[in-house]
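**Q**
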Amino acid sequence: MSEYHDLSDKFKVKNKKVVNLSIKPFRMDVYLDNNAYKFVTVRYNDLKEGKNEYYFGKEAYEKNLNEKNISSIATFKFSLYKNDLLILNSEKFRLIGVNNDKLNRIELNTVEFDYKEYCDKHSIANKRIVKTISRNTNDFNKLSTDTLGNQYIVSNEKWKNTFQK
1 MSEYHDLSDK FKVKNKKVVN LSIKPFRMDV YLDNNAYKFV TVRYNDLKEG KNEYYFGKEA
61 YEKNLNEKNI SSIATFKFSL YKNDLLILNS EKFRLIGVNN DKLNRIELNT VEFDYKEYCD
121 KHSIANKRIV KTISRNTNDF NKLSTDTLGN QYIVSNEKWK NTFQK
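Position 26 of the sequence shown, counting from 1, maps to 26 under the UniProt record's numbering, and the rest follow consecutively.
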């Protein structure tokens, strides 16, 4: 049980803990810090409900940044949600999600075809594409598609912490 969310305060239990073992990622925020790409994971459990929106507190977010050793001078690049397109070391992928937050691993899929189906057809045992974001990552960009189907690299995306209901 390396990652879990303690829910004991919401239940009347004695001498036991109630935990959520499945902590789903909501998005990942990518930063450029001293010429190295780093990311912080925002999880659904981090979201709080307001009157007309969902939000996450800056204090909790700052704590996550500190845990991932992202400095205060790091530049926010973009946020990635499930199924967003990205370029990682000159290869195009579709994000499935964060595989291991502590080891900076993300799970990806190919854009043109489903990698799991490809592995089934060609008897490949490992049916996942897992990449590590490290100092060796020299090219990491988010792709967007316009209404005509043209893809372009996203630049100057603004960080946001509120989302309309």
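No residue lacks a Cβ here, since even glycine has one placed at the ideal position from N, Cα and C.
#1: Which one of Phe-93, Lys-17, Leu-88 and Gly-149 has the shortest CA to CA distance from Asn-138?
#2: For Tyr-44, I'd like the list of residues in its chain whose CB is within less than 7 Å of its CB, leaving aside the five on either flank, ordered along the chain.
#3: What's the call for Val-130, buried or exposed, on a 16-neighbour Cβ count within 10 Å?
#4: Near residue 194, what residues of its chain come up, given a Cβ to Cβ distance below 7 Å and the 5 sequence neighbours on each side ignored?
#5: Check whether the Cβ atoms of Ala-60 and Tyr-31 lie closer than 8 Å to each other.
#6: Let me confirm a value: Tyr-81 is counted as buried when at least 16 other C-beta atoms fall within 10 Å, else exposed. Which label applies?
#7: The beta strand (DSSP E) with Tyr-31 in it runs from where to where?
#8: Go through its chain and collect everything with a Cβ distance to Asp-101's Cβ below 6 Å, but skip five positions before and after it.
#9: What does DSSP give as the partner residues of Gly-97 in its beta bridges?
**A** Result, derived from the coordinates:
#1: In this structure, Leu-88 is the residue among Phe-93, Lys-17, Leu-88 and Gly-149 with its C-alpha nearest to the C-alpha of Asn-138.
#2: Around Tyr-44: Lys-24 and Phe-26.
#3: The C-beta of Val-130 has fewer than 16 other C-beta atoms within 10 Å across all chains shown, which makes the residue exposed.
#4: Nothing about residue 194 can be reported from this structure: the residues present for the chain run from 1 to 165 only.
#5: No, these two residues do not count as a Cβ contact at 8 Å.
#6: Under this definition Tyr-81 is an exposed residue.
#7: From DSSP, the beta strand (DSSP E) with Tyr-31 extends over 25-33.
#8: The beta carbon of Asp-101 lies closer than 6 Å to those of Thr-41 in the same chain, with the five residues before and after it left out.
#9: Answer is Glu-107, bridged to Gly-97.
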